[in-house]
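K.L.:
So for the sequence shown, the numbering used here puts the first residue at 525; every next one is plus one.
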Amino acid sequence: MLLLMRCSTGEDWQLIMFELSNQEGYDGVPCKDDQSYQDMMEEGILGCGNDFSYFYFFSFMILISMLILNLSVAAVIEGLATARKENCGIVDSEQIDKLIDIWKDYDPNGTGWITITDLVFVICELDPPLGMKRSEKSGEMEQEKVEDGDTHSNTNMQERFLVNLNKKIIIKKVEALVLLKDLHVKTYKNGDC
525 MLLLMRCSTG EDWQLIMFEL SNQEGYDGVP CKDDQSYQDM MEEGILGCGN
575 DFSYFYFFSF MILISMLILN LSVAAVIEGL ATARKENCGI VDSEQIDKLI
625 DIWKDYDPNG TGWITITDLV FVICELDPPL GMKRSEKSGE MEQEKVEDGD
675 THSNTNMQER FLVNLNKKII IKKVEALVLL KDLHVKTYKN GDC
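#1: On the three-state DSSP scale, how would you describe Gly636?
#2: So the candidates are Tyr561, Asp621, Phe576, Tyr578; which of them puts its Cα closest to the Cα of Leu570?
#3: Are Val600 and Pro653 touching if we call contact CB-CB under 8 Å?
#4: Please tell me whether Ile695 and Leu686 are closer than 8 Å, where the distance is taken between their beta carbons.
#5: By how many angstroms is the C-alpha of Lys622 removed from the C-alpha of Thr639?
#6: In the DSSP assignment, the alpha helix (DSSP H) including Gly688 goes from what residue to what residue?
#7: Name the residue from Thr533, Ile592, Phe579 whose alpha carbon lies nearest to the alpha carbon of Ser545.
#8: With a cut-off of 8 Å on the beta carbons, I'd call Lys691 and Phe645 a contact; round off their distance for me.
The structure is reproduced here in structure tokens:
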């Protein structure tokens, strides 16, 4: 078995094949077809090989080469499948571009900082997995579009809702706090969210 493992590495397998097919003998000593145990103890092993070793080793090497090649290909394919599975749900370049475009609206100077209120609006505008944008029919997050000309100057409305007139978005402050809590953003109930 160790000999076959060594041959499967491709190292000098042909020399072993030639030795096993030798029918002339070694160093001037002829080979013997029928050697008893006693003869082997006295003279050493002088058995003759046969031509079957050519067929055996060629077929062995072809099968092992195919097997190793198939195992290598299978390992690569499995690695790619694993990588694809791990990357499932990861943000793609289009979503990052959309985030950058929306962020620019809230941070026109490019400081990298926006208020928590603006963060809520950014999250409301982005599709998952970056944001929480819902279709208007879903009703999971009450996000209302503001009609042109509406000012919502009612103080009670301003206290209960976050309003972005430019983007025409209204969201309840309670829902914004829940959203930020789910994202593990530190918020304070008595302050501006």
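Backbone N, C-alpha and C define an ideal beta-carbon position, used for all residues, glycine too.
P.N.:
So, from the data block:
#1: DSSP, read as helix, strand or coil, puts Gly636 in coil.
#2: Tyr561
#3: no
#4: It is a contact, given that the beta carbons lie within the stated cut-off.
#5: 19 Å
#6: Reading the sequence as shown, one finds Asn at residue 688 and not Gly. It is not in any alpha helix (DSSP H) - Asn688 instead sits in the beta strand (DSSP E) that spans 685-688.
#7: Phe579
#8: 6 Å
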